[in-house]
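Step one of this worksheet: look at the structure below.
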Amino acid sequence: MQIPSSFNTQNRAELNTACRSISIVALNSYQTSHLITAAAGSALLANAIKDTTRQQRPEAFNAVVLSCSASTAAELASKLNEFNQHCPIAVFTHAQAHAKSLSTIDTDKMRLPTTEQSIEWQYLDNCCALVPIAHAFTDKSKQLVADEGVELISDIDTELANAEQLKTIRDQRLSQTTFETGANLTVTLSSAQSARGLSQQIETLGNNDKHWAYCVFVGSNESIQTIKELFA
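If you want our numbering, it's the 1-based position in the sequence shown plus 10.
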């Protein structure tokens with residue numbers, strides 16, 4: 011992950027416009043009625059994407075696909091651990107928690123869902139709902155506030171003898187950063203022109219691993235740009 015280049019703006023108004031709405035569709039191996047391969051899971055996800063009856067379906071189908079798979083539950087939990095610390099996304103945190111439980115108790119004590127969970131679209135009104143983007147947004151906002159306050163601080167320094175101490179404290183607070191990176195997920199970009207086109211690309215993903223998770227960010231090229239830059 012890296013700080014989105016869209017956040018390299020000259021003022022806070024431009025920074026705010028970089029935070030766009032986006033659609034998400036996601037699935038992991040523990041949300042199906044029984045454990046299936048990652049390839050079969052990608053087929054389920056593809057069918058959901060091209061299903062026109064689902065609510066909150068997007069109108070554009072450019073996409074950023076995050077995926078992770080492993081041959082064992084313990085391996086999947088390990089792969090997702092670092093990423094979830096820095097960028098918690100529901101489908102991945104759920105997969106890690108379930109995989110970790112499977113790896114620490116007898117599998118016959120873990121009851122999988124008796125019916126398969128329906129794959130539904132989710133909608134983020136603002137991509138800053140993702141923790142790393144929120145942190146990057148905060149870091150850039152503080153930098154812009156610091157720049158905007160240079161002239162004001164100069165005036166205060168001229169008029170108030172003790173303002174230098176206040177300025178130092180302010181600068182320290184505005185220079186603190188919170189953005190961190192996470193790894194171990196596969197990133198696939200798509201510029202599909204339709205739901206069918208995206209679903210066909212999703213169907214090519216996956217392998218024979220039975221422990222996996224997918225998260226697909228979908229929308230117009232403009233709306234997914236910040237997500238694309240984050241995970242590029």
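Backbone N, C-alpha and C define an ideal beta-carbon position, used for all residues, glycine too.
Any idea what DSSP makes of residue i, helix, strand or coil?
i    : result
N38  : strand
N218 : coil
A58  : helix
C138 : helix
F102 : helix
N91  : helix
T196 : strand
Q132 : strand
D118 : At D118, the pLDDT of 47 sits below 50, so the modelled position is not reliable; the number obtained from the coordinates is stated separately. If DSSP states are grouped into helix, strand and coil, D118 belongs with the helices.
N72  : strand
I32  : strand
F147 : helix
G229 : strand
S81  : coil
S201 : strand
A223 : strand
N21  : coil
Could you check how far apart the C-beta atoms of residue i and residue j are, in whole angstroms? I think they sit under 8 Å.
i    : j    : result
Y224 : L55  : 6 Å
N219 : S81  : Rather than Asn, the amino acid found at residue 219 in this sequence is Asp. Correct: roughly 5 Å between the Cβ atoms.
N72  : A202 : 7 Å
Roughly how many whole angstroms lie between the Cα atoms of residue i and residue j?
i    : j    : result
I34  : K177 : 43 Å
Q153 : H145 : 12 Å
A53  : Q20  : 43 Å
L195 : S77  : 6 Å
R64  : R183 : 46 Å
D181 : N172 : 15 Å
Q41  : N136 : 26 Å
L134 : T27  : 15 Å
H44  : L199 : 29 Å
G159 : A242 : 33 Å
L140 : T103 : 13 Å
E24  : K150 : 11 Å
I212 : N231 : 18 Å
T62  : A50  : 21 Å
Skipping 5 residues on each side, what residues in its chain have a beta carbon closer than 8 Å to that of residue i?
i    : result
R206 : K60
Q186 : K152
C138 : C29, A144, F147
P142 : M11, H96, C97, F189, E190, T191, G192, L240
T214 : S52
Does the distance from the C-beta atom of residue i to that of residue j stay below 7 Å?
i    : j    : result
K238 : V74  : yes
S113 : A84  : yes
T236 : S31  : no
P68  : V226 : no
L37  : I129 : yes
Q175 : W131 : no
Who are the near neighbours of residue i in its chain, counting only those whose CB is closer than 7 Å to its CB and skipping five residues on each side?
i    : result
A48  : S79, G216, N217, D219, W222
Q106 : A87, L90, N91, N94
S244 : Any property of residue 244 remains undetermined from this structure, which presents the chain solely from 11 to 242.
In chain order, what residues of the same chain have a beta carbon less than 6 Å from the beta carbon of residue i, not counting five sequence neighbours either side?
i    : result
D118 : Only weak support exists for where D118 lies, its pLDDT of 47 falling under 50; the value from the coordinates is given anyway. Nothing meets the Cβ criterion.
A156 : L184
Q210 : none
H108 : Y40
L208 : I59, F71, A73, S200, A202
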